[in-house]
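Novice: Sequential numbering from 147 applies to the sequence shown in my numbering.
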Amino acid sequence: MATTPKFNYLAKNFDEYRNVLKQFAKTYYPNSFKDFSDASTNMAFIDIPAVVGDILSFYLDTQTSETNLATVQEKSNAINLAYNNRYFPKLNTPAVTDMDVFQLLPSIGTGASVAPDWSYALYVQPNAKIISSENGTPFLIASPINFAYSSSVDPTVVTVYSVDGDGNAEYYLIKKKALAIAAEIKTVSFNFDSSATPYSRLVIADDNLISVLSAVDGDGNTWYEVPYLAQDTVLTHNDNIAALYPSYAAFANETPYIAELISSPKRFITRIDADNNINIQFGAGNASLISEEIIPNLDNVSMPWIGGRHLLDINYNPTNFLNTNTYGEVPTNTSFTVSYLVGGGLQSNVASRTITQIGYVDINQTNLPAGPLRNQIINSLAFINPNPAAGGRAPETIEEIAQNAMAAKSSQGRAVTATDYMQIATSMPSKFGSVAKAYAVNDNMIQPFNDPNIARTLNVDLYVLGYDINNALAHCNVAVKNNLKTYLSQYRMLTDLVNIKDAFIINIGVEFEVIAAANSNTNDVLINCITAIQEVINNKTQQINQPIVIGTLFNALMKVPNVQHVVSINITNKWRTSDGYSGIMYDIKSATRKGIIFPSADPSIFEIKYPAADIIGRITTY
């Protein structure tokens with residue numbers, strides 16, 4: 147009986163394979179292999195398989211590493227792995243900045259009744275193009291700018307620009323805010339014939355691609371981008387008008403749009419490739435075909451045909467289900483126009499006060515009064531960025547794609563934890579209303595429910611707040627809450643019941659006394675101390691259920707130049723509704739433990755509503 151040769155299977159590279167084969171030849175073929183010098187024929191028979199083994203080992207290791215996000219090296223593989231983990235790699239990212247937009251308004255009236263003539267208020271159509279004087283980077287203002295419209299979300303600021311000889315306002319300067327992104331809109335068209343190839347793909351190849359903006363077919367139908375083809379609902383919006391939403395129209399100033407989830411088979415997904423192109427993929431459904439021809443209709447599947455046969459008797463190919471509208475339609479016999487954004491990158495990060503050159507604006511002149519003032523008012527339109535444009539960057543590197551994909555794997559785009567609900571709520575698009583603060587908690591942690599017959603463990607209480615026109619905290623109106631409910635429905639767990647509630651606003655005042663240096667300017671010290679307290683307690687950074695640490699206020703005051711000693715700090719409750727406060731009475735003294743003022747058991751937030759009046763200081767010197 148022949149003995150099975152023993153062989154070392156741990157070899158990984160050329161040298162190891164060579165040594166193993168030499169030992170194998172010496173052990174089992176001692177009479178045939180005697181000369182093991184490098185130039186001998188015997189070594190050729192050993193070196194050749196060693197080279198093959200080394201190459202195979204290399205490719206095996208490489209293929210294995212390319213299936214792991216931690217070790218992937220090829221960009222195409224990193225992108226595919228990222229999509230498998232529900233992370234969507236980014237192409238160029240555009241810089242963003244807030245723009246101040248100005249125009250002049252003539253005055254109307256005389257004496258005490260003089261006021262801006264709002265009939266000259268401009269309406270700038272969407273997609274205005276403003277160019278940076280620093281490097282010629284174009285910026286896009288996608289939203290319309292309506293100077294006649296003012297709300298807490300989109301306020302209009304009015305100041306006197308010039309006065310006449312009698313001291314009356316002659317012209318007013320009005321200002322709006324607008325978001326600008328470093329991008330341009332381009333379009334490309336494709337044609338589809340009647341073949342309707344399932345899961346067709348289109349490729350958009352251009353420099354500095356950012357993302358797809360919109361898609362419309364030749365019949366005027368809108369096609370919607372979704373994260374995956376099986377998602378048949380799309381978040382869209384309608385104007386908040388009385389004809390559509392009589393219950394919400396009263397809040398149109400704060401909430402101009404109402405969110406809606408619609409179901410549409412006209413959808414597509416976008417994927418990027420290693421060449422930084424955008425690939426658009428459609429589903430397999432054909433709008434011109436009847437689905438019953440390839441799959442059974444559940445409404446009549448049991449009804450017999452003539453002769454007693456049922457539809458269930460027919461042999462259906464299981465793969466037919468992939469060709470229905472379940473994964474969306476594919477365009478047929480039509481053109482297809484895609485609008486997309488290009489731009490961004492590091493070069494789009496430009497300095498403040500450089501985005502001023504008007505490249506293109508479309509002003510609706512229909513309602514402007516005729517006459518010599520019309521062109522003067524139109525020509526007064528001006529743009530400037532008070533802050534630098536920031537956030538622009540190049541496409542993600544392989545390492546960034548891998549790391550971000552690993553981070554996204556755990557969440558899977560769902561609201562699972564309380565933090566998930568808070569982040570999703572505050573990330574709701576501003577066109578659906580402003581959610582400035584959010585706090586989520588299981589409801590039986592707030593109000594324990596003792597009735598064993600009512601299960602509440604899956605209820606989530608989401609407490610929210612917004613801002614009013616003066617940037618003070620305020621309760622969200624019913625339209626915003628309705629939009630938030632619709633927006634959350636895309637992310638919440640099936641078993642979660644989300645209750646959207648108002649958080650309590652506890653208005654407070656701060657009184658302090660400090661000792662300043664003998665030769666210091668006490669007015670400057672007082673102003674700096676008030677500013678220091680505003681930086682510690684302000685409604686931009688203060689969160690729901692965040693306590694106030696009095697020691698932090700002491701430290702902030704001690705860092706003010708020329709402050710020698712902090713004598714006292716006293717926090718008081720401001721509650722009178724007649725003075726504009728929330729009406730919430732709160733016992734600050736009882737809520738203070740070891741120098742920390744704790745919020746109430748019901749989710750609440752501390753706010754200094756009127757910093758100019760509610761922070762009172764006393765400065766003494768020695």
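We treat Cβ as the ideally placed atom computed from N, Cα and C, and that holds for glycine.
(1) Classify F182 as buried or exposed, calling it buried when 16 or more other Cβ atoms lie within 10 Å of its own Cβ.
(2) In this structure, how does DSSP classify V562 when only helix, strand and coil are distinguished?
(3) Can you tell me the Cα-Cα spacing of I426 and Y345, whole angstroms?
(4) Using only the alpha-carbon positions, how far apart do G429 and V349 sit?
(5) Return yes when the Cβ of F248 is within less than 8 Å of the Cβ of A497, no when it is not.
(6) So the candidates are A663, I570, F336 and K275; which of them puts its Cα closest to the Cα of A502?
(7) Find the nearest neighbour of L319 within the set V309, E681 and A326, judged by alpha-carbon distance.
(8) From the DSSP output, in three-state form, read off G579 for me.
(9) According to DSSP, is Y486 helix, strand or coil?
(10) Mind listing, in chain order, the continuous beta strand (DSSP E) runs of no fewer than 3 residues lying wholly within the segment 634-707?
(11) Return the first residue and the last residue of the alpha helix (DSSP H) that A342 is part of.
(12) Would a C-beta distance cut-off of 8 Å place C675 and L703 closer than the cut-off?
(13) Can you tell me whether T416 is buried or exposed, with buried defined as 16 or more other CB within 10 angstroms of its CB?
(14) Can you check which of these residues, E400, Y370 and M245, is closest to I387 by C-alpha distance?
(15) Where do the N-terminal and C-terminal ends of the alpha helix (DSSP H) with N230 fall, by residue?
(16) Whose C-alpha, out of Y317, P272, P240 and D748, is nearest the C-alpha of A261?
(17) Count Cβ pairs between the segment 478-493 and the segment 357-366 that sit closer than 8 Å; are there 3 or more?
(18) Closer than 8 Å by C-beta to T256: which residues in its own chain qualify, once you throw out the five before and the five after it? Chain order, please.
(19) Kindly indicate which three-state DSSP category R417 falls into: helix, strand or coil?
(20) Which residues bound the beta strand (DSSP E) around K322?
(21) How would you call F338, buried or exposed, if buried means at least 16 neighbouring beta carbons within 10 angstroms?
(22) In whole angstroms, what is the alpha-carbon distance linking E753 and D760?
(23) Measure how close the beta-carbons of Y585 and I715 come, nearest whole angstrom, since I'm counting them as under 8 Å.
(24) Decide if P284 is buried, meaning its Cβ has at least 16 other Cβ atoms within 10 Å, or exposed.
(25) Inspect the beta-carbon positions of Y727 and K735 and report whether they are closer than 8 Å.
(26) Starting from P392 and walking both ways along the alpha helix (DSSP H), at which residues does that stretch end?
(27) Would you give the residue range spanned by the alpha helix (DSSP H) that E546 belongs to?
(28) With a threshold of 16 other CB atoms inside 10 Å of the CB of D312, please say whether the residue is buried or exposed.
(29) Kindly list the residues whose CB is nearer than 6 Å to the CB of E769, restricted to its own chain and excluding five residues on each side of it in sequence; keep chain order.
(30) If you draw a straight line from the alpha carbon of G505 to that of D244, how long is it in whole angstroms?
(31) Take N772 as the anchor and find which of L407, R739 and R232 has the nearest alpha-carbon.
(32) Does the distance from the CB of A649 to the CB of V610 come in under 8 Å?
(33) Quick one: what does DSSP say L608 is sitting in, helix, strand or coil?
(34) When the Cα of A324 is compared with those of F336, K332, S335 and V303, which residue comes out closest?
(35) Would you give the residue range spanned by the alpha helix (DSSP H) that I194 belongs to?
Specialist: On the basis of the coordinates in this document:
(1) By one-based count along the sequence shown, residue 182 stands at place 36. The residue in question, F182, is exposed, as its Cβ has fewer than 16 Cβ neighbours within 10 Å.
(2) Locating residue 562 in the sequence shown gives position 416, where the first residue counts as 1. Residue state, collapsed to three classes: coil.
(3) The residue you call residue 426 lines up with position 280 of the sequence shown. The residue you call residue 345 lines up with position 199 of the sequence shown. In a straight line, the C-alpha of I426 is about 10 Å away from that of Y345.
(4) Walking along the sequence shown from the start, residue 429 turns up at place 283. Walking along the sequence shown from the start, residue 349 turns up at place 203. Straight-line Cα distance between these residues: approximately 15 Å.
(5) Residue mapping note: residue 497 aligns to position 351 of the sequence shown, counting from 1. Residue mapping note: residue 248 aligns to position 102 of the sequence shown, counting from 1. Cβ distance not < 8 Å, so A497 and F248 don't count as in contact.
(6) Here the question's residue 502 lines up with position 356 in the sequence shown. In the sequence on display, residue 502 carries Thr and not Ala. For T502, the nearest C-alpha among the options comes from K275.
(7) Counted from its first residue, the sequence shown places residue 319 at position 173. With distances taken between Cα atoms, L319 lies closest to V309.
(8) Taking the first residue of the sequence shown as 1, we reach residue 579 at position 433. The answer is coil: DSSP assigns G579 none of H, G, I, E or B.
(9) Residue 486 sits at position 340 when you count from the first residue of the sequence shown. Of the three classes helix, strand and coil, the one that applies to Y486 here is strand, per DSSP.
(10) 643-648 and 650-662
(11) As a first step, residue 342 is located in the sequence shown; it is residue number 196 there, counting from the start. Where A342 is concerned, there is no enclosing alpha helix (DSSP H), given that its DSSP letter is neither H nor E.
(12) Along the sequence shown, read from residue 1 onward, the residue named residue 675 stands at position 529. Along the sequence shown, read from residue 1 onward, the residue named residue 703 stands at position 557. Yes. Within cutoff.
(13) The count along the sequence shown starts at 1 and reaches residue 416 at position 270. That one is buried.
(14) Here residue 387 refers to the residue found at position 241 of the sequence shown. Per the Cα distances, E400.
(15) Within the sequence shown, the letter at position 84 stands for residue 230. Start and end: K221 to N230.
(16) Residue numbering aside, residue 261 sits at position 115 when the sequence shown is read from its first letter. A261 has its Cα closest to that of Y317, out of Y317, P272, P240 and D748.
(17) yes
(18) Translated into positions along the sequence shown, residue 256 becomes position 110. Here the set comprises N314.
(19) Stepping through the sequence shown from its first residue, residue 417 is reached at position 271. Note: R417 maps to strand in three-state DSSP.
(20) For the purposes of this step, residue 322 is taken as the residue at position 176 of the sequence shown. A315 to I327 is the span of the beta strand (DSSP E), which, as asked, contains K322.
(21) By 1-based counting over the sequence shown, the position of residue 338 is 192. Under this definition F338 is a buried residue.
(22) Along the sequence shown, one-based indexing puts residue 753 at 607. Along the sequence shown, one-based indexing puts residue 760 at 614. C-alpha separation (whole angstroms): 10 Å.
(23) For the purposes of this step, residue 585 is taken as the residue at position 439 of the sequence shown. For the purposes of this step, residue 715 is taken as the residue at position 569 of the sequence shown. In fact, because the Cβ distance is near 26 Å, the residues do not count as touching under 8 Å.
(24) Working through the sequence shown from its first residue, we reach residue 284 at position 138. P284 comes out buried.
(25) Within the sequence shown, numbered from 1, the residue matching residue 727 stands at position 581. Within the sequence shown, numbered from 1, the residue matching residue 735 stands at position 589. No, they are not a contact pair.
(26) Numbered from its first residue, the sequence shown carries residue 392 at position 246. Premise fails: P392 is in no alpha helix (DSSP H) and is neither H nor E.
(27) By 1-based counting over the sequence shown, the position of residue 546 is 400. Segment I544 to K555, the alpha helix (DSSP H) holding E546.
(28) For the purposes of this step, residue 312 is taken as residue 166 along the sequence shown, with counting starting at 1. Answer is exposed; the Cβ neighbour count stays below 16.
(29) Residue 769 lies beyond the range of the chain shown here (147 to 768); nothing can be said about it.
(30) Reading the sequence shown from its first residue, position 359 is the one you call residue 505. Reading the sequence shown from its first residue, position 98 is the one you call residue 244. Answer to the nearest angstrom: the Cα atoms are 17 Å apart.
(31) In the structure as shown, the chain starts at 147 and stops at 768, and residue 772 therefore has no counterpart that could be examined.
(32) Here residue 649 refers to the residue found at position 503 of the sequence shown. Here residue 610 refers to the residue found at position 464 of the sequence shown. Yes.
(33) As a first step, residue 608 must be located in the sequence shown, where it is residue number 462. Residue state, collapsed to three classes: strand.
(34) Mapped onto the sequence shown, residue 324 falls at position 178. Nearest of F336, K332, S335 and V303 to A324, Cα basis: V303.
(35) In the sequence shown, residue 194 corresponds to position 48, counting from 1. It spans T187 to S211 - the alpha helix (DSSP H) in which I194 sits, taken as one unbroken run.
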